[in-house]
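Residues 19 to 481 (the working numbering) are what the sequence shown spells out, left to right.
Note that CB positions come from ideal geometry on N, CA and C, so glycine has one too.
All values reported here derive from a predicted model rather than from experimental measurement.
All remarks here apply to the structure that follows.
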Amino acid sequence: MSAPSAEDAALLHVDLIVLGGGSGGLAAAFRAAEYGQRVALVEPGALGGTCVNVGCVPKKAMWLAADIGARIGQAAQLGFDLPRDGRVAFDWPKFITDRQRYIHGIHDSYRKRLDRDGIVVLPTRGRLSGPGRVLCDDGTCLAAPHIVLATGSTPQRPAIPGAALGAVSDDFFAWCEAPPRVAMIGGGYIAVELAGVLQALGSQVDVYVRDQRLLRQGDAEIVEQLQENYRQQGVALEFGYALKALYRDGDGRLRLEAEDGSMRDGYDQVLFATGRRPNTGDIGLDTVGITPDANGDIPVDAWQATPAPGVYAVGDICGCGPALTPVAIAAARRLCDRLFGGKPDAKLDAGNVPSVVFSHPPLAMVGLTEAEARAQHGDDVHIYCSNFRPMREALAESTQRSLFKLVCIGDERRVVGLHLLGDAADEILQGFAVALKRGITLDDLHDTIAIHPTSAEEVVLMR
Ligand code: NDP
């Protein structure tokens, strides 16, 4: 065996280098370590990435606060000794302290597990520096036959004058109070979720959407009901709105100018929820011959392999599958099962991915919308709906409604889509997503005895 070169001697050799310690990167590191691989994880920021620090986890905490607030309002209606309008003070900074304590607990559990599994964590930025090589800002050089890229994505602002005056979701999580008036720009997941939270916690929220509806991914009928519920909660929705520029007025408030020249002023905050960009601009892709597409996404095949041998990508940086934490985790685990676990066929199945928009009430969806089913299956599509007022809403004389919808195809009425807008939809969907993936039919649902009285029973009773 020849002696290592001077350059090689300075290299830290491992079996796998992971760039990015978010959901996808951590999942890859842990799974590879389970298979006995030596792993180096390079992450300059907080462990857990967007999901744990400025995404799913703090968002769900804020959603829970908003949900509790709404329930206090209903309790006031239902005889509890509270102010009749249900308005009780919310100590936002206190809640944030609790939220961050919870998040620090997640960081601690990651650190313990990384230590236990012998994973080398480099708290610095790393970039590809050639085949099988990563160079870190702290001078460390890493070498490995396998590299997983999992550098995630960042909220993007539109390219308009004054865009820097607006906030993005990362900023929202640092706020310590509900701004009195908020303009939300965008109609996707983040806009819908943060609009609902802010409105419930005391802001007046106006949502400006360039499309004619919220949530282009959602079923149109379900989204229509969500829009109606939001309007009743006081959220103002304006569709077909094209934002041209943002200004700060003399009173410190923000003003929107639309393409048609009209002005909307008096906003304390403008929040851009206008999509996210993959973090692929500064990770040395050119050194291994990878060219991202126009959106910045890294091209990968069904096995998460990039065009560069030994380099793989998972999560928000590759355009395959929806940009969701569990999708990134599933892709990373299957990749490592294939590379190190003797499972040559393991790969992500990005079909029928269930997801939940944490709106008020939550919207849970899996499979095809009615429009998608009709585009694929023509007239052989059969729709079953249940529009109802859940018991708590009815008791409190609220007009908020739930809408559940089944999309079936063929004579056997195979279920290809399930869309649930309503209380607890986030918890109800998971089990039905398993059933849908197994190819169940409407008869299978009808054969199942309902659990009464619940909202979930509507799914097995729809005719
Ligand atoms: P989305 O892609 O869901 O929505 C972006 C919205 O912004 C769309 O309404 C889009 O309009 C609009 N938009 C884009 N550019 C502009 C612009 N220049 N001017 C005005 N409007 C614009 O992105 P989000 O930022 O809401 O979320 C990013 C991703 O994060 C989601 O797609 C989802 O994958 C993930 N996520 C998941 C959550 C969950 O699972 N609960 C929660 C939050 C995020 P148009 O439709 O016309 O393009």
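- Message: Let me confirm a value: residue 477 is counted as buried when at least 16 other C-beta atoms fall within 10 Å, else exposed. Which label applies?
- Response: In the sequence shown, residue 477 corresponds to position 459, counting from 1. With 16 or more other Cβ atoms inside 10 Å of its own Cβ, residue 477 counts as buried.
- Would you mind working out which of 293, 33, 289 and 65 sits nearest residue 190, comparing C-alpha positions? As a first step, residue 190 must be located in the sequence shown, where it is residue number 172. Minimum Cα-Cα distance from residue 190 among the listed residues 293, 33, 289 and 65 corresponds to 289.
- Exposure of residue 24, with buried meaning 16 or more beta-carbon neighbours within 10 Å: Taking the sequence shown and counting its residues from 1, the one referred to as residue 24 is at position 6. Any reading at residue 24 needs caution, since the residue's pLDDT is 46, under 50, leaving its predicted position unreliable; the model's value is listed next. Exposed, because fewer than 16 other Cβ atoms sit within 10 Å of the Cβ of residue 24.
- Message: Please report the distance separating the alpha-carbon of residue 89 from that of residue 435.
- Response: Counting from 1 along the sequence shown, the entry for residue 89 is found at position 71. Counting from 1 along the sequence shown, the entry for residue 435 is found at position 417. Computed Cα separation, rounded: 30 angstroms.
- Are the beta-carbon atoms of residue 211 and residue 376 separated by less than 8 angstroms? Within the sequence shown, the letter at position 193 stands for residue 211. Within the sequence shown, the letter at position 358 stands for residue 376. Result yes, Cβ atoms of residue 211 and residue 376 sit closer than 8 angstroms.
- Message: Can you tell me whether residue 142 is buried or exposed? The criterion is at least 16 other CB atoms within 10 Å of its CB, across all chains shown.
- Response: Walking along the sequence shown from the start, residue 142 turns up at place 124. With fewer than 16 neighbouring CB atoms inside 10 Å of its own CB, residue 142 falls in the exposed class.
- Message: Taking 7 angstroms as the cut-off, is the beta-carbon of residue 282 closer than that to any non-hydrogen atom of the ligand NDP?
- Response: Position 264 of the sequence shown, counted from the start, is the residue given in the question as residue 282. Not under cutoff, so the answer is no.
- Quick one: is the Cβ of residue 3 within less than 7 angstroms of any heavy atom of the ligand NDP? No statement about residue 3 is possible, as the shown extent of the chain runs from 19 to 481 and does not include it.
- Query: How would you write the range of the alpha helix (DSSP H) that residue 189 sits in, first residue to last?
  - Reply: Residue 189 sits at position 171 when you count from the first residue of the sequence shown. Element bounds for residue 189: 187–190.
- Excluding sequence positions up to five away, which residues of its chain have a Cβ less than 6 angstroms from the Cβ of residue 346? Locating residue 346 in the sequence shown gives position 328, counting from the first residue. Within the same chain, residue 346 has close Cβ partners 41, 42, 332 and 333.
- When the Cα atoms are used, what is the spatial distance from residue 44 to residue 201? Here the question's residue 44 lines up with position 26 in the sequence shown. Here the question's residue 201 lines up with position 183 in the sequence shown. Roughly 35 angstroms between the two C-alpha positions.
- Message: Let me make sure I understand the geometry here. Which of 443, 119, 224 and 296 has the alpha-carbon closest to that of residue 205?
- Response: Counting from one through the sequence shown, the residue named residue 205 turns up at place 187. Checked all of 443, 119, 224 and 296; the closest Cα to residue 205 is 224.
- Through-space distance from residue 199 to residue 79, alpha-carbon basis: Locating residue 79 in the sequence shown gives position 61, where the first residue counts as 1. Locating residue 199 in the sequence shown gives position 181, where the first residue counts as 1. Roughly 22 angstroms separates the two Cα atoms.
- Where the alpha helix (DSSP H) through residue 172 begins and ends: Taking the sequence shown and counting its residues from 1, the one referred to as residue 172 is at position 154. From DSSP, residue 172 is part of no alpha helix (DSSP H) but of the beta strand (DSSP E) over 171–173.
- How would the residue list near the ligand NDP read, in chain order, if you kept each one whose beta-carbon is closer than 6 angstroms to any heavy atom? Checking every Cβ against the heavy atoms of the ligand NDP under 6 angstroms gives 176, 203, 204, 205, 206, 207, 208, 209, 211, 227, 228, 229, 234, 261, 291, 292, 293, 294, 340, 341, 342, 373, 374, 375 and 376.
- Determine the burial state of residue 214: buried for a count of at least 16 other Cβ atoms within 10 Å of its Cβ, exposed for fewer. Here residue 214 refers to the residue found at position 196 when the sequence shown is read from its first residue. The residue is buried, with at least 16 neighbouring Cβ atoms inside 10 Å.
- Between residue 425 and residue 458, is the Cβ-Cβ spacing less than 8 angstroms? Working through the sequence shown from its first residue, we reach residue 425 at position 407. Working through the sequence shown from its first residue, we reach residue 458 at position 440. With a cutoff of 8 angstroms on beta-carbon distance, residue 425 and residue 458 are scored as not near each other.
- Give the range of the beta strand (DSSP E) segment to which residue 273 is assigned. Within the sequence shown, numbered from 1, the residue matching residue 273 stands at position 255. Note, residue 273: beta strand (DSSP E), 272–276.
- Closest to residue 97 by CA distance: which of 414, 250 and 177 is it? Position 79 of the sequence shown, counted from the start, is the residue given in the question as residue 97. When each option's Cα is compared against that of residue 97, the closest is 414.
- Return the chain-ordered list of same chain residues with a C-beta closer than 6 angstroms to the C-beta of residue 185, the five sequence neighbours on each side being excluded. Residue numbering aside, residue 185 sits at position 167 when the sequence shown is read from its first letter. Answer for residue 185: 287 and 289, listed in chain order.
- Are there 16 or more other CB atoms within 10 angstroms of the CB of residue 238, so buried, or fewer, so exposed? Taking the sequence shown and counting its residues from 1, the one referred to as residue 238 is at position 220. By the neighbour-count rule (16 or more Cβ atoms within 10 Å), residue 238 is not buried but exposed.
- Query: Which residue from 285, 261, 280 and 294 puts its Cα closest to that of residue 269?
  - Reply: The sequence position of residue 269 within the sequence shown is 251, counting from 1. Distance from the Cα of residue 269 is smallest, within the candidate group 285, 261, 280 and 294, for 285.
- Message: Measuring straight from C-alpha to C-alpha, what distance separates residue 183 and residue 358?
- Response: Translated into positions along the sequence shown, residue 183 becomes position 165. Translated into positions along the sequence shown, residue 358 becomes position 340. Cα to Cα, residue 183 sits roughly 48 angstroms from residue 358.
- Only counting runs of 4 or more residues, tell me where the alpha helix (DSSP H) segments fall wholly within the region 218–243, in order along the chain. Taking only runs of at least 4 residues, no alpha helix (DSSP H) segment lies wholly in the region 218–243.
- Message: If you follow the beta strand (DSSP E) that residue 256 is in, where does it begin and where does it stop?
- Response: One-based indexing of the sequence shown puts residue 256 at position 238. Its beta strand (DSSP E) spans residues 254–256.
- Task: Using 10 angstroms around the beta-carbon of residue 481, count the other beta-carbons present and answer buried if the total reaches 16, otherwise exposed.
- Result: As a working mapping, residue 481 is identified with position 463 in the sequence shown. Exposed, by the Cβ-count rule.
- So, using beta-carbon positions, are residue 32 and residue 162 closer together than 8 angstroms? For the purposes of this step, residue 32 is taken as residue 14 along the sequence shown, with counting starting at 1. For the purposes of this step, residue 162 is taken as residue 144 along the sequence shown, with counting starting at 1. Closer than 8 angstroms, so yes.
- Message: Closest to residue 244 by C-alpha separation, out of 38, 465, 380 and 395, would be which residue?
- Response: Your numbering for residue 244 matches position 226 in the sequence shown. Checked all of 38, 465, 380 and 395; the closest Cα to residue 244 is 380.
- Message: Quick test of the definition: if touching needs 3 or more C-beta pairs under 8 angstroms, does the region 258–276 touch the region 218–234?
- Response: Three or more Cβ pairs closer than 8 angstroms define a contact, and the region 258–276 meets that threshold against the region 218–234.
- Query: CA-CA distance, residue 100 and residue 91?
  - Reply: Taking the sequence shown and counting its residues from 1, one reaches residue 100 at position 82. Taking the sequence shown and counting its residues from 1, one reaches residue 91 at position 73. When rounded, the distance between both Cα atoms is 8 angstroms.
- Message: Just verifying my parser: in three-state terms, what is the DSSP assignment at residue 144?
- Response: Against the sequence shown, residue 144 aligns to sequence position 126. Correct three-state label for residue 144: strand.
- Query: Just how far apart, CA to CA, sit residue 63 and residue 291?
  - Reply: Position 45 of the sequence shown, counting from 1, holds the residue named residue 63. Position 273 of the sequence shown, counting from 1, holds the residue named residue 291. A straight-line Cα-Cα distance of about 22 angstroms links residue 63 and residue 291.
- alpha helix (DSSP H) containing residue 381: first to last residue? Along the sequence shown, read from residue 1 onward, the residue named residue 381 stands at position 363. Taken as a continuous stretch (DSSP letters only), residue 381 belongs to no alpha helix (DSSP H), being part of the beta strand (DSSP E) at 381–385.
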